[in-house]
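Residues 13 to 119 (my numbering) make up the first sequence, in order.
Glycine included, each C-beta is placed from N, C-alpha and C at the ideal position.
Since this is a predicted model, take the numbers as computed values, not measurements.
Heads up: the structure comes next, in structure tokens.
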Amino acid sequence: MNYERLKKNTDILRLFRQGKRAHSDSLTFVYLPAGKIKMAVIVSKKHGKAVKRNRIKRLLREAFFRNVPNVPFGCSVLVIPREAERYSLEKFSADMKKCCRKMACQR
RNA sequence: CGAGCCGGACAUACGGUCGCGGGCCGCGGAAGCGGCGUGAGGAAAGUCCGAGCAUCGCAGGGCAAGGAUGCCUGCUAACGGCAGGAGGAGGCGACUCCAAGGAAAGUGAACAGAAAUACACCGCAGCUUUUCGGCUGUAAGGUUGGAAUGGCGAGGUAAGAGCUCACCGUCGCCCCGGCAACGGGGCGAGCCAAUUAAACCCCAUCCGAUGCAAGAUUGGGAUAAGGGCUGCGUUCGAUCGCAGGGCUGCCCGUCCGUCCUUAUCCGUUAAUAUCGCUUUAACCUGCAGGCGACUGCCGGUAUAGAUAGAUGACCGUACACGACAGAACUCGGCUUACAGGCCGGUCUCGGAUG
RNA sequence: GCUUCCGUAGUUAAAUGGAUAUAACAGCCCCCUCCUAAGGGGCCGUUGUGGGUUCGAUUCCCGCCGGGAGUA
Numbered sequence: 013m014n015y016e017r018l019k020k021n022t023d024i025l026r027l028f029r030q031g032k033r034a035h036s037d038s039l040t041f042v043y044l045p046a047g048k049i050k051m052a053v054i055v056s057k058k059h060g061k062a063v064k065r066n067r068i069k070r071l072l073r074e075a076f077f078r079n080v081p082n083v084p085f086g087c088s089v090l091v092i093p094r095e096a097e098r099y100s101l102e103k104f105s106a107d108m109k110k111c112c113r114k115m116a117c118q119r
């Protein structure tokens, strides 16, 4: 199993307008059904300077890579983290699993 | 031995598994798959200066406006940078720091104070007057202030005053040293010309504007068919075999992403495509010149190039237990942030021992 | 990424280099009233921050910190 990067600005804007949301403690999913699993990470400037933001992006990508088998159906996803004091891979991974379960229920 | 000063280099290291960007090679018509090696910094940061490069403007030269710089000489592609020197300030010292041209072109400078380059309030003294007082001289003393007719002593005088003299300061001229800034010495002027230019200003030198989101190139979309991207087993392997995928496990039914090739149809707009995009005032070693910044020559090295934006996760070993921090067109500087230890010096000061 | 502007009471603003930084509204305290409102008086500032120039800086110069705007 693998996923693709979501790159187009128009796609992301469409997701923000029309997408459904699934929340958890540390992050939020914004998603719409699609044929393949596509993902984009969004980290805003309020999370810190470049080194901090890069660190969060890498952790989120690694967590998503591990959680691809849990995604219930093909969809485009935006992953948006919340502000926190510390960020860890275990927390992100567990919360992603929760979000995937919520998506399955909402369908 | 302790406390310092100056300069330089580093800034977790090594191995394994999975994953990401780009390069080369192999298979393939292509998409793609596999292998090999490669992938952030000393500040990549702030965007404060200087250049390259690109577009627009512009015959050439001058002037005005606006902006920048400001001791001297050099280095450099250039600079507001650097080096060496001059002057000033700090330190016992090694050494460090300094926005440092012109006030004899002109204007301005609150309040206080009599007065701010000058106009006499008190005082001091002379003349006058019955007295109160008036006139004149005077910057020694008082008051105010950040700053008061250069400071201090002596002579001098009615009282005083560079009025005169010695020393110091200031200014001018001459001589000597230096490319110069400037330094040393001599003679003279009795001070006319206080301070402030990161106040206006004057003088000298420099500057066209915008910035890679600059700019250049390429026609795009829809539908259909075929193939790839996926999973499992197998193989040393890029080999071979089976299964399209999702909708709760199966059947029916239904839905369908993206890439490539071919065909058909619509039809003229500028990308999310390609170039710019990384090999250049480059880095390293050695030799020569120079006090030095730096320059010349011989030899060697190839060292990120993304485009929603690549360095992460897990495990093991070691210790000092890892600071500040992430390229975005590219260089030369400046400024700011930074755990820590390492190397060098005929370097400085103090103590002890010989 | 590039360009550019702004930081003054709790808020919105003002202030030629010159006394203790000025208004309005808000907050707190006091007076007035039997009580409240209105009214009167007072309090509330490291002028974002660190240096420099100056006799003197909110103002002039330099370095940081924070916030906003424009640009495909």
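Using a Cβ-Cβ cut-off of 6 Å (strictly less than) and excluding sequence neighbours within five positions of residue 103, which residues of its own chain qualify?
Excluding positions up to five away in sequence, the list reads 38.
Give the secondary structure of residue 28 by DSSP, where H, G and I count as helix, E and B as strand, and everything else as coil.
The answer is helix: DSSP assigns residue 28 an H, G or I state.
Tell whether a beta-carbon distance below 8 Å holds between residue 53 and residue 64.
Cβ distance not < 8 Å, so residue 53 and residue 64 don't count as in contact.
Would you give the residue range spanned by the beta strand (DSSP E) that residue 41 belongs to?
Taken as a continuous stretch (DSSP letters only), the beta strand (DSSP E) holding residue 41 covers 39-45.
Quick one: using the 10 Å Cβ neighbour count with 16 as the cut-off for buried, is residue 56 buried or exposed?
Exposed, because fewer than 16 other Cβ atoms sit within 10 Å of the Cβ of residue 56.
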